[in-house]
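So the protein lines, in turn, are chains A and B.
Sequential numbering of the first sequence, starting at 599, is according to this note's numbering.
Sequential numbering of the second sequence, starting at 12, is according to this note's numbering.
A short worksheet on the structure shown next.
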Amino acid sequence: MDVGNRLPDARNALRERVKARRRQNERRKRNRYLLIRAISFVVVLGAWQIYGASTLEIIFTPFTTVIAHLFELLVNGPLGGAILYSLSMFLGGLVIGSIVGIILGVAMGRFAVFEAALGMYVYAIYSTPLVALIPLISLWFGFGVEAQLIIISMFVLFPITIAVYNGVRSVDAALVEVARSFRANEMAMWRHVIIPSVVPYIVTGLSQGVAMGLVGMFISEIYTALSGMGQILAFSANAYKTADMLAVLLTVMILGVTFRTVIEELRKRLAPWFNKESGR
Amino acid sequence: MTVATATRQAKAVASHISKWYGDLEVLHDINLEIYQHEFLCLLGPSGCGKTTLLRILDGLIQPDEGTVSLDGEVIQGPPRQAAMVFQQFGLFPWKTVSQNVAFPMVLARVPQASIAEKVRWAVELVGLKGFEDAFPDNLSGGMRQRVGIARALAVGPEMLLMDEPFASVDAYTRELLQGELLSIWERFRQTVVFVTHSIDEAITLADRIVVLKAKPGEIYHVFDVPIERPRTVESVRKHPAYEPLRQTIWDDMLAGSGRAV
Chain A
599 MDVGNRLPDA RNALRERVKA RRRQNERRKR NRYLLIRAIS FVVVLGAWQI YGASTLEIIF
659 TPFTTVIAHL FELLVNGPLG GAILYSLSMF LGGLVIGSIV GIILGVAMGR FAVFEAALGM
719 YVYAIYSTPL VALIPLISLW FGFGVEAQLI IISMFVLFPI TIAVYNGVRS VDAALVEVAR
779 SFRANEMAMW RHVIIPSVVP YIVTGLSQGV AMGLVGMFIS EIYTALSGMG QILAFSANAY
839 KTADMLAVLL TVMILGVTFR TVIEELRKRL APWFNKESGR
Chain B
12 MTVATATRQA KAVASHISKW YGDLEVLHDI NLEIYQHEFL CLLGPSGCGK TTLLRILDGL
72 IQPDEGTVSL DGEVIQGPPR QAAMVFQQFG LFPWKTVSQN VAFPMVLARV PQASIAEKVR
132 WAVELVGLKG FEDAFPDNLS GGMRQRVGIA RALAVGPEML LMDEPFASVD AYTRELLQGE
192 LLSIWERFRQ TVVFVTHSID EAITLADRIV VLKAKPGEIY HVFDVPIERP RTVESVRKHP
252 AYEPLRQTIW DDMLAGSGRA V
């Protein structure tokens, strides 16, 4: 019948039009977003360039000068070695802090004994500005690699401990019961229920740990034996070499953003079920 | 096709079950025989302890008094022969549909090839073919409970325990799922204990309805459902026995709740 045939066709056409319009809207939104980003980038770099060129060299330097100094420091200067040194200290501290933090968080979250015995110290130290502990750490461990690693691990440790603790505490009791109902033993419970539910929290803790670890890295390099990127930063600041200082800051910024991206990628790999799409 | 009374054989027996939560007696002296291959509904108002009773039957919690025996043996924990379907689905958000369905078999160390085959069978049985690799968060409530049912069926349980499995889905999907459960069950005839607070649902599905009353939770009356199988949701509604039975159970529940009829 005519009506019967025309109706699905019209509906299909309408559906296609609606889909096409939605695609177009999304593309437009995306383009506008990228455009705003590009404009913002140009404006900020332009302002940097203009202000840097118009003021004293020791106050601020143009963006292009900073880039030139960055390359100079990398190729002929000490920056390459400094990055290597700082990064290895940072990664060492991150690994130590994460491992201890995860163990501490899991123990405190799963077993009341550890929570009762250790919880108060964790919160007390977490609430203390860690910078204030550095003189004590130097007194005990000196100014070398050992002290620096300890400082960085401490900065990393607490955000991870707290995140993992919260993760273990918020394991869904209903899912524990499901696993019990299907006769899971303690091993299977960890493997199938507890660890998977804690993974997103570990990643969250890691991303905070990385941010704190970079803070710890600079602090340890400036407050103990001057070394790594912190040394270049301190020397160039003392010598009013503002362009060098900005070059180091730019480097750290790039490192920080890189780590964040890596961890976000890690989250997608390890916890693909953990969607956090913004509702925009 | 109803099982004749003479051939009835107990699959599970709850004897003198009492359970207290603090000062509150949730279950009081429950004595219940669940027969082989029967579909039994536990029906009652909220707070009558029907879910608690189901969890005791699954060995998830221990009664303060009394025992549950399954195939003549007193259970100490969740028995191998039983599988549970949960009200809030109880799916692992980090496992795909296939992995969720496979979970009990992985725990039971079933060989990999056999797991894959049973998963395929169960997923197809509940109409989820094509969604094997989806995560639960991307499924509707109805589809999630299909996964829950597939997970319970895949292990080939002798007894299915279902805790208000359709209470969390919309009314339309609920009827759809009831119909599908009917046709699946009429093929396999596991022993089923099904908890619900809906009289309609109980009559539609059950061979026998156990009405519980609250405070403390006690068995009030037991009703046989004289509607032959195979059934559909529609055929039950149109059956002459449906309305009178519904009225009788309704009056019974009202009386059990202590309110004026």
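Where is the CB? At the ideal position from N, CA and C, for every residue including glycine.
In this text the structure is predicted, and so the values were computed from the model without any measurement.
| query | result |
| --- | --- |
| Contact check, Leu164/B vs Ala93/B, beta carbons under 8 angstroms | no |
| Neighbourhood of Ile735/A by C-beta distance below 7 angstroms, restricted to the same chain and skipping five residues each side | Ala745, Ile748, Ile749 |
| Contact residues within the region 130–157 of chain B, judged by C-beta distance below 7 angstroms to chain A | Phe146, Asp148 |
| Residue-level contact to chain A via CB, Pro74/B, 8 angstroms cutoff | no |
| Trp261/B beta carbon less than 8 angstroms from that of Ile214/B | no |
| Uninterrupted beta strand (DSSP E) stretches inside the region 26–98 of chain B (no shorter than 3 residues) | 35–46, 50–54, 76–81, 93–96 |
| Whole-angstrom distance between Ser57/B and Phe177/B, CA atom to CA atom | 15 angstroms |
| Lys22/B vs Leu81/B beta-carbon contact at 8 angstroms | yes |
| Between the CA atoms of Ala869/A and Pro798/A - distance to the nearest angstrom | 6 angstroms |
| Residue nearest to Val860/A in terms of C-alpha spacing, selected from Ser805/A, Gly691/A, Tyr763/A, Ala761/A | Ser805/A |
| Nearest neighbour of Leu755/A, chosen from Leu692/A, Asn764/A, Gly740/A, Ile793/A [CA to CA] | Leu692/A |
| Minimum C-alpha distance to Leu773/A - residue among Leu35/B, Leu71/B, Gly55/B | Leu71/B |
| Three-state secondary structure (DSSP) of Thr207/B | strand |
| Short Cβ contact (8 angstroms threshold) for Ala25/B with Gly77/B | yes |
| Under the three-state DSSP convention, the category Leu171/B falls into | strand |
| Nearest-angstrom beta carbon gap, Trp196/B and Val203/B [assumed within contact, 8 angstroms] | 6 angstroms |
| Option in Ser779/A, Arg767/A, Gly740/A, Leu633/A with minimal Cα separation from Leu824/A | Gly740/A |
| Beta-carbon proximity of Val37/B to Gly228/B, cut-off 8 angstroms | yes |
| Helix, strand or coil at Val272/B [DSSP, three-state] | Legend: pLDDT at Val272/B = 43, less than 50; position of this residue unreliable, no value from coordinates given. |
| Neighbour-count burial assignment, Asn610/A, 16 or more Cβ in a 10 Å radius | exposed |
| Buried versus exposed call for Glu863/A [16 or more other C-beta atoms within 10 Å across all chains shown] | exposed |
| Neighbour-count burial assignment, Asn111/B, 16 or more Cβ in a 10 Å radius | buried |
| CB contact below 8 angstroms: Leu804/A versus chain B | no |
| Min CB distance Leu773/A to chain B below 8 angstroms | yes |
| Completely contained alpha helix (DSSP H) runs for the region 626–681 of chain A, where each covers 4 or more residues | 661–673 |
| Start-to-end residues for the alpha helix (DSSP H) that takes in Arg219/B | First-last for Arg219/B: 219–224, but that is the beta strand (DSSP E), not the alpha helix (DSSP H). |
| Supposed contact pair Gly803/A and Gly695/A - C-beta distance, whole angstroms, cut 8 angstroms | Their Cβ separation, rounded to whole angstroms, is 10 angstroms, which puts Gly695/A and Gly803/A out of contact at 8 angstroms. |
| Helix, strand or coil at Ala145/B [DSSP, three-state] | coil |
| Cross-chain neighbours of Ala869/A in chain B, by beta carbon under 9 angstroms | Trp105 |
| Where the beta strand (DSSP E) containing Val233/B begins and where it ends | 229–235 |
| Short Cβ contact (8 angstroms threshold) for Ala252/B with Pro237/B | yes |
| Thr202/B - DSSP class collapsed to helix/strand/coil | strand |
| Identity of the residue in Val158/B, Pro168/B, Ile126/B, Gln258/B nearest Pro2/B by Cα | Outside the displayed span of chain B (12 to 272) sits residue 2/B, for which this structure offers no information. |
| Which residues DSSP lists as bridging Ala21/B, in chain order | Tyr46/B |
| Sub-8 angstroms separation of Ile700/A and Ile793/A beta-carbons | no |
| Rounded C-alpha distance that separates Tyr183/B from Val244/B | 12 angstroms |
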